[in-house]
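A.B. asks: Pasting a structure below so you can have a look.
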Amino acid sequence: MSSVRIFASPSSWIESGAVDQCHQVAALDGMLHVAGMPDLHPGKGAPIGAAMTSTVLYPFLVGSDIGCGIAVFPIGLKRPVPEKLAARFPDLDEPVGADSLGTVGRGNHFVELARVDAVLDAAHAARLGLSTGSLVLIVHSGSRGLGERILRRHTEVHGAGPAPDPVSYLQDHDHAVRWGALNRRTMAERVARALGAELGDALVDESHNLVTYADGVYLHRKGAARGDGRDVLIAGTRGTRSFLVAAHAGPEANHSVAHGAGRKMSRADALRRGKAKHTVDELRRTPVGSYVVCGDRQLLFEEAPTAYKRIEQVIGDLTAHELATPVVSTLPLVTYKTAAHPAARRR
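The opening residue of the sequence shown carries number 1 in full-length UniProt numbering; numbering runs sequentially from there.
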């Protein structure tokens, strides 16, 4: 059996089911090492927040949203007023191209206008052109239905087994990764145009659902970002900070870092508990004064900040294990989840 290491402190919220999934994956033929990130939580058949090396390619370890990732764009706006800007966001449920190009999707995907609220590494932030008060657009989405079709073609024949033709799978996979990056850029341009804002080139664009191949080894990442000397945006929640970090993870972490706060409640639990604790209006206007654009009431509860782990704990674990150095933190102004109008809710 291969090795397993979880990069989280004893005080971190890590479900035993997620750790069990790491060991189940480690028992697969050809597996070498499983690294669990501090945002680790259970997924459908495989853990989310894990980087897994193997001499065998397993498509199900990457999952259906191939190429899902987070991009960060500098954006120029004068006197941003969250309430007014929220009303001007375009309908990102309506595609501008084939395969739903230019759409955000559901689940934990989002597009967020945010402000840098603290600079934590002045020299690195300066290299990125960021300072306190800088505005950025954060886009979290992937390949939409394209990645799902690629996985389905495999699982309908081979289930959770290995890819019989890794070269063919990787060709489709790499196309989905490129498509995901194009989708994020397209959405950023749509939002900037709608807000009358200037959009810069991406400061960060890292996929956290992908597989890479080198020296006979496949590195599967499911909810884990590439941490080999890259800048990565680790997302918090709609009502908390996010952190842009300089990642410098080594081989024990499979050169990977966390991708977000990580869920601590299932969607069903978040919906049940959220309805007992919050009103819809409370979830649309967060404690930090930001606005959430979301016409789907159920999604609002499922994605409530309380459904996630504390982002500060995740960042603290990455720092303590010397996997990353925080550069800046951001606070949301407007977070788009799905269109506010009823027509979008029926789709």
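For every residue, glycine included, the Cβ atom is placed at its ideal position computed from N, Cα and C.
(1) Looking at C-alpha atoms only, which residue of V104, S11 and D201 is the closest neighbour of A320?
(2) How big is the Cα-Cα spacing for T306 and L331?
(3) Please report the straight-line C-alpha distance between Q298 and A247, rounded to a whole angstrom.
(4) So H158 packs on P164, CB below 8 Å; how close in whole Å?
(5) In terms of residue numbering, what span does the beta strand (DSSP E) encompassing S256 cover?
(6) What span of residues does the alpha helix (DSSP H) with H140 cover, start to end?
(7) Name, in chain order, the residues that DSSP records as bridge partners for C294.
(8) Would you call the segment 119-129 and the segment 55-68 touching, i.e. three or more CB-CB distances under 8 Å?
(9) From L244, G43 and K309, pick the residue whose C-alpha is nearest to that of D117; which is it?
(10) Kindly indicate the opening and closing residues of the alpha helix (DSSP H) around I315.
(11) How about G216 and T103: do their beta carbons lie closer than 9 Å?
(12) Quick check: what's the CA-CA separation for G295 versus T212?
(13) Please name the residue or residues paired with I70 in a DSSP beta bridge.
(14) Do the segment 225-240 and the segment 251-262 meet, that is, are 3 or more Cβ pairs less than 8 Å apart?
(15) May I ask you to report which of helix, strand or coil DSSP gives T155?
(16) Report yes or no: do the segment 25-39 and the segment 311-320 share at least 3 C-beta pairs separated by less than 8 Å?
(17) Would you kindly report the start and end of the unbroken alpha helix (DSSP H) that includes P38?
(18) Just confirm the distance between the C-beta atoms of A51 and A35, as a whole number of angstroms; I'd bet it's less than 8 Å.
(19) Taking DSSP's pairing of strands, which residues face D172 in a bridge?
(20) With DSSP as the reference, identify every bridge partner of I234, one or two as the case may be.
(21) Could you tell me the distance, in whole angstroms, from the CA atom of E322 to the CA atom of S242?
(22) Provide the residue(s) that pair with K44 in DSSP beta bridges, ordered along the chain.
(23) Please work out which residues of its chain come closer than 6 Å, Cβ to Cβ, to I14, disregarding the five sequence neighbours upstream and downstream, and give them in chain order.
(24) Taking contact to mean at least 3 C-beta pairs separated by less than 8 Å, is the segment 186-197 in contact with the segment 75-92?
(25) Looking only at its own chain, which residues have a Cβ that is under 7 Å from the Cβ of G17, when we skip the five neighbours before and after it?
(26) How long is the line joining the alpha carbons of E148 and L92, rounded to whole angstroms?
(27) Nearest to H33 by CA position, among K264, G250 and S266, is which residue?
(28) Just the C-alpha distance for R153 and T132, rounded to the nearest angstrom, thanks.
(29) Beta-carbon separation of G105 and H208 under 9 Å?
(30) Can you give the beta carbon distance from V111 to V81, rounded, assuming they're within the 8 Å contact cut?
(31) Which residues in the same chain have their Cβ closer than 8 Å to the Cβ of R5, if we skip the five residues on either side of it in sequence?
(32) Leaving aside the five residues before and after R267 along the sequence, list all residues of the same chain whose C-beta is less than 7 Å from its C-beta, in chain order.
(33) With DSSP as the reference, label L182 as helix, strand or coil.
(34) Mark P326 as exposed unless 16 or more other C-beta atoms lie within 10 angstroms of its C-beta, in which case mark it buried.
C.D. replies: Well, looking at it:
(1) Closest option to A320, Cα to Cα, is S11.
(2) Near 16 Å, if we compare the C-alpha coordinates of L331 and T306.
(3) A direct Cα-Cα distance of roughly 35 Å separates Q298 from A247.
(4) That belief holds up - the Cβ atoms of H158 and P164 are roughly 7 Å apart, short of 8 Å.
(5) Taken as a continuous stretch (DSSP letters only), the beta strand (DSSP E) holding S256 covers S256 to A258.
(6) Note, H140: premise wrong, no alpha helix (DSSP H); beta strand (DSSP E) at L135 to S141.
(7) Answer by DSSP bridge pairing, in chain order: T338.
(8) By the Cβ criterion, the segment 119-129 is not in contact with the segment 55-68, since fewer than three pairs of Cβ atoms, one from each stretch, lie closer than 8 Å.
(9) It is L244 whose Cα lies nearest to the Cα of D117.
(10) Residues I311 to A320.
(11) It is not a contact, given that the beta carbons lie outside the stated cut-off.
(12) Rounded to the nearest angstrom, the gap between the Cα atoms of G295 and T212 is 37 Å.
(13) DSSP lists H140 and E206 as partners of I70.
(14) Between the segment 225-240 and the segment 251-262, the count of C-beta pairs closer than 8 Å reaches three or more; the two stretches touch.
(15) T155 falls in the helix class under three-state DSSP.
(16) Because the criterion of three Cβ pairs below 8 Å is met, the segment 25-39 and the segment 311-320 touch.
(17) If you look at P38, you'll find it isn't in any alpha helix (DSSP H); it sits in the beta strand (DSSP E) that goes M31 to H41.
(18) That pair is a contact at about 5 Å.
(19) Beta-bridge pairing links D172 to no other residue.
(20) I234 is bridged to F243.
(21) Their backbone Cα atoms lie some 19 Å apart in a straight line.
(22) Checking the DSSP bridge columns, you'll see K44 has no partner listed.
(23) If the five residues before and after I14 are omitted, its C-beta is found closer than 6 Å to the C-beta atoms of A8 and L40, all from its own chain and listed in chain order.
(24) Taking 8 Å as the limit for Cβ pairs, the verdict is that the segment 75-92 does touch the segment 186-197.
(25) Within the same chain, G17 has close Cβ partners P42.
(26) Approximately 19 Å, taken between the alpha carbons.
(27) The option with the nearest alpha carbon to H33 is G250.
(28) One C-alpha to the other measures close to 47 Å.
(29) Remark: C-beta atoms of G105 and H208 do not approach each other more closely than 9 Å.
(30) In this structure V111 does not touch V81 by the C-beta definition: roughly 18 Å separates them, more than the 8 Å allowed.
(31) Cβ-Cβ distances below 8 Å link R5 to H33, V34, A35, G36, E252 and A253 in the same chain, with the five nearest sequence neighbours on each side left out; the list follows chain order.
(32) So the qualifying residues of the chain are E302.
(33) DSSP places L182 in helix when its eight states are reduced to three.
(34) Under this definition P326 is a buried residue.
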